[in-house]
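Written out below as structure tokens is the structure these notes cover.
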Amino acid sequence: MAKHKDITILGQTILPGESKTINMEIARLHTMTKLKVPIIVERAKIDGPVVLFSAGLHGDEINGVEIVRQIIVRKINKPKKGTIICMPVINVFGFVNKTREFPDGRDLNRVFPGSKNGSLASRFAFHLLDEVIPNVDYCIDFHAGGASRFNAAQIRIVPNNTELKELSDIFNAPFTLYSKNIAGSFRNACGRLGVKMLLFEGGKSLDINNDITQEGVRGAKRFLAHFNMLNPKKQAKEAPAPSIYIERSGWVRAKYSGMFQAHCSAGKFVEKGEVIAHITDPFGKFEHKVKAPNTGYIINANDGPIVYQGDAIFHITQKH
Numbered sequence: 235m236a237k238h239k240d241i242t243i244l245g246q247t248i249l250p251g252e253s254k255t256i257n258m259e260i261a262r263l264h265t266m267t268k269l270k271v272p273i274i275v276e277r278a279k280i281d282g283p284v285v286l287f288s289a290g291l292h293g294d295e296i297n298g299v300e301i302v303r304q305i306i307v308r309k310i311n312k313p314k315k316g317t318i319i320c321m322p323v324i325n326v327f328g329f330v331n332k333t334r335e336f337p338d339g340r341d342l343n344r345v346f347p348g349s350k351n352g353s354l355a356s357r358f359a360f361h362l363l364d365e366v367i368p369n370v371d372y373c374i375d376f377h378a379g380g381a382s383r384f385n386a387a388q389i390r391i392v393p394n395n396t397e398l399k400e401l402s403d404i405f406n407a408p409f410t411l412y413s414k415n416i417a418g419s420f421r422n423a424c425g426r427l428g429v430k431m432l433l434f435e436g437g438k439s440l441d442i443n444n445d446i447t448q449e450g451v452r453g454a455k456r457f458l459a460h461f462n463m464l465n466p467k468k469q470a471k472e473a474p475a476p477s478i479y480i481e482r483s484g485w486v487r488a489k490y491s492g493m494f495q496a497h498c499s500a501g502k503f504v505e506k507g508e509v510i511a512h513i514t515d516p517f518g519k520f521e522h523k524v525k526a527p528n529t530g531y532i533i534n535a536n537d538g539p540i541v542y543q544g545d546a547i548f549h550i551t552q553k554h
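235 is the number of the first residue of the sequence shown in our numbering; add one for each residue after it.
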């Protein structure tokens, strides 16, 4: 690994032993209000890897923001060696509006590597890759489920990558899901630039769940401890069990529209044929049982009270 003698972001150099918050400002609101994206850099005197903890790529995925906030406020981001960069809210526009997208209607996680002269989201992606990522060795990007769907705490990595598998073992989330990179995603762009990324999914949009938060924080501490970077005043706890690796999974979809009452939460193990939910109408005419199509773990569960026919309601692991 190359020595990081010089870390420069947006023209500001962070020297060994320095702490610095650099504000990235790409565009203002239409009211002329400035919107700054803080990049919080903590550098130890001893050289070592550079780790980025990022969240809020989708502005409504607040649980990830809370995980990175706790990493900062608990001083987990003050490394024993190397450098820790925290970006709790990447899509500050969406965060202000509590929406997933940028003001231009684009999903930031589909426009990488972006363009210097493109749409607002595209410009932001370009500057993130151009200014921050060249300094980074490892990244953990924190996300949450969308559309009222609650994700069990999980790491997502591409299949057939032994180094990412080892890093996932170190983070040791309850589940690890093999999923291919999506074109235009931050994960795909980082991979192309040689940055090793773990994508964390947990909880749901517009929500903060303490159990999910603690899973994210504990995993981050284990990750830092592996590289001998963890703040000496902090301790990393071993996970209670090894991560469950998932190669195959499938969605259960609603066969009826109606009021939805789930009986199983994300993370639960269910048996084939087990009743996992009911769909009812508001007038007492029918009550439909939803049964597990196979034995496996529920890794995503719909928390919405209303569903339409065809809506995804549970994501269940399948055997190879």
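For every residue, glycine included, the Cβ atom is placed at its ideal position computed from N, Cα and C.
If distances are taken between C-alpha atoms only, which option among Phe336, Asn325, Lys519 and Thr317 comes closest to Gly298? Position 64 of the sequence shown holds residue 298. Answer by Cα proximity: Asn325.
Please state if the CB of Asp371 and the CB of Met431 are separated by a distance shorter than 8 Å. In the sequence shown, counting from the first residue as 1, residue 431 sits at position 197. In the sequence shown, counting from the first residue as 1, residue 371 sits at position 137. It is not a contact, given that the beta carbons lie outside the stated cut-off.
My output table needs one value for Ser483: the three-state DSSP class, helix, strand or coil. Start at 1 with the first residue of the sequence shown, and residue 483 comes out as number 249. Ser483 carries a strand assignment under DSSP once its states are collapsed to helix, strand and coil.
Buried or exposed by the 16-neighbour rule on C-beta atoms within 10 Å, applied to Arg642: No statement about residue 642 is possible, as the shown extent of the chain runs from 235 to 554 and does not include it.
Cutoff 6 Å; reference Ile225; Cβ partners in own chain excluding five residues on either side: Outside the displayed span of the chain (235 to 554) sits residue 225, for which this structure offers no information.
Kindly indicate which three-state DSSP category Pro498 falls into: helix, strand or coil? Indexing the sequence shown from 1 puts residue 498 at position 264. One detail in the question is off: residue 498 reads as Cys in this sequence, not Pro. Coil, per DSSP.
Please report the residue range of the beta strand (DSSP E) in which Val275 lies. In the sequence shown, counting from the first residue as 1, residue 275 sits at position 41. Membership of Val275 in the beta strand (DSSP E) is indicated by the continuous run Val271 to Arg277.
Taking only the alpha-carbon atoms, compute the straight-line gap between Ala236 and Arg426 and give it to the nearest angstrom. On the sequence shown, position 2 is the one that residue 236 refers to. On the sequence shown, position 192 is the one that residue 426 refers to. Note that Ala236 scores 46 on pLDDT, short of 50, meaning its location in the model is unreliable; the coordinates nonetheless yield the value given after this. Arg426 has its alpha-carbon roughly 17 Å from the corresponding atom of Ala236.
From the DSSP secondary-structure annotation, give me the bridge partner or partners of Cys373. Position 139 of the sequence shown holds residue 373. Within the DSSP bridge table, the entry for Cys373 names Leu286 and Met431 as partners.
Pick from Leu433, Asn351 and Glu400 that is closest to Asn385, judged by C-alpha positions: Position 151 of the sequence shown holds residue 385. Nearest C-alpha to Asn385: Leu433.
Determine the contact status of Asn528 and Ile550, defining contact as a CB-CB distance below 8 Å. The residue labelled residue 528 in the question sits at position 294 within the sequence shown. The residue labelled residue 550 in the question sits at position 316 within the sequence shown. The answer is yes: Cβ separation under 8 Å.
Starting from Ser402, trace the alpha helix (DSSP H) in both directions and tell me its first and last residue. Within the sequence shown, numbered from 1, the residue matching residue 402 stands at position 168. If you look at Ser402, you'll find it in the alpha helix (DSSP H) that goes Thr396 to Phe405.
Taking DSSP as the reference, what is the three-state secondary structure of Phe336? Counting from one through the sequence shown, the residue named residue 336 turns up at place 102. Of the three classes helix, strand and coil, the one that applies to Phe336 here is coil, per DSSP.
Straight-line CA distance for Leu291 to Gly316? Counted from its first residue, the sequence shown places residue 291 at position 57. Counted from its first residue, the sequence shown places residue 316 at position 82. Each residue's Cα considered, the two are about 25 Å apart.
DSSP-derived helix/strand/coil call for Thr447: Sequence index remark: in the sequence shown, residue 447 carries index 213 (1-based). For Thr447, the secondary structure class from DSSP, reduced to helix, strand or coil, is helix.
So Ile593 and Leu440 are supposed to be a Cβ contact under 8 Å. How far apart are they, rounded? Here the chain has residues from 235 to 554 only, and residue 593 is not among them.
Which same chain residues, not among the five before or five after Asp294, have their C-beta less than 7 Å away from its C-beta? For this step, residue 294 is matched to residue 60 along the sequence shown. In its chain, beyond the 5 residues on either side, Gly328, Lys332, Thr333, Arg334, Ser439 and Leu440 have a beta carbon closer than 7 Å to the beta carbon of Asp294.
Neighbourhood of Arg262 by C-beta, 8 Å cutoff - its chain only, sequence neighbours within 5 removed: As a first step, residue 262 must be located in the sequence shown, where it is residue number 28. Taken in chain order, the residues that qualify are Lys268 and Leu269.
Considering only residues of the same chain and omitting the five flanking positions on each side of Gly437, which have a CB-CB separation below 7 Å? Taking the first residue of the sequence shown as 1, we reach residue 437 at position 203. These residues qualify, in order along the chain: Asn297, Ala378, Gly379, Phe384, Asn385, Asn443 and Ile446.
Use the C-beta contact count for Gln495: other C-beta atoms within 10 angstroms, 16 or more gives buried, fewer gives exposed. Against the sequence shown, residue 495 aligns to sequence position 261. With fewer than 16 other Cβ atoms within 10 Å, it is exposed.
Going by alpha carbons, who is nearest to Ile248 out of Pro408, Ile301, Val330 and Lys279? Taking the first residue of the sequence shown as 1, we reach residue 248 at position 14. If you compare the alpha carbons of Pro408, Ile301, Val330 and Lys279 with that of Ile248, the shortest gap goes to Lys279.
Backbone CA spacing between Asn406 and Thr242 [nearest angstrom]: Here residue 406 refers to the residue found at position 172 of the sequence shown. Here residue 242 refers to the residue found at position 8 of the sequence shown. Taking the straight line from one Cα to the other gives about 32 Å.
On the premise that Val451 lies in contact with Gln304, defined as a C-beta separation below 8 Å, what is that separation, rounded to the nearest angstrom? Here the question's residue 304 lines up with position 70 in the sequence shown. Here the question's residue 451 lines up with position 217 in the sequence shown. Contact holds; Cβ gap of about 5 Å.
Excluding the 5 residues flanking Asn343 on each side, which residues of the same chain have their C-beta closer than 6 Å to its C-beta? The count along the sequence shown starts at 1 and reaches residue 343 at position 109. Annotation for Asn343: Leu291, Ser419 and Phe420 place their beta carbon closer than 6 Å to its own, counting only its chain and skipping 5 residues before and after.
Mind checking whether Ala488 and Ala470 have CB atoms under 8 Å apart? Taking the sequence shown and counting its residues from 1, the one referred to as residue 488 is at position 254. Taking the sequence shown and counting its residues from 1, the one referred to as residue 470 is at position 236. No; because the gap between Cβ atoms is not below 8 Å, this pair is not in contact.
In angstroms with no decimal places, state the Cα-to-Cα distance between Pro539 and Asp545. Here the question's residue 539 lines up with position 305 in the sequence shown. Here the question's residue 545 lines up with position 311 in the sequence shown. Their Cα atoms are separated by approximately 12 Å.
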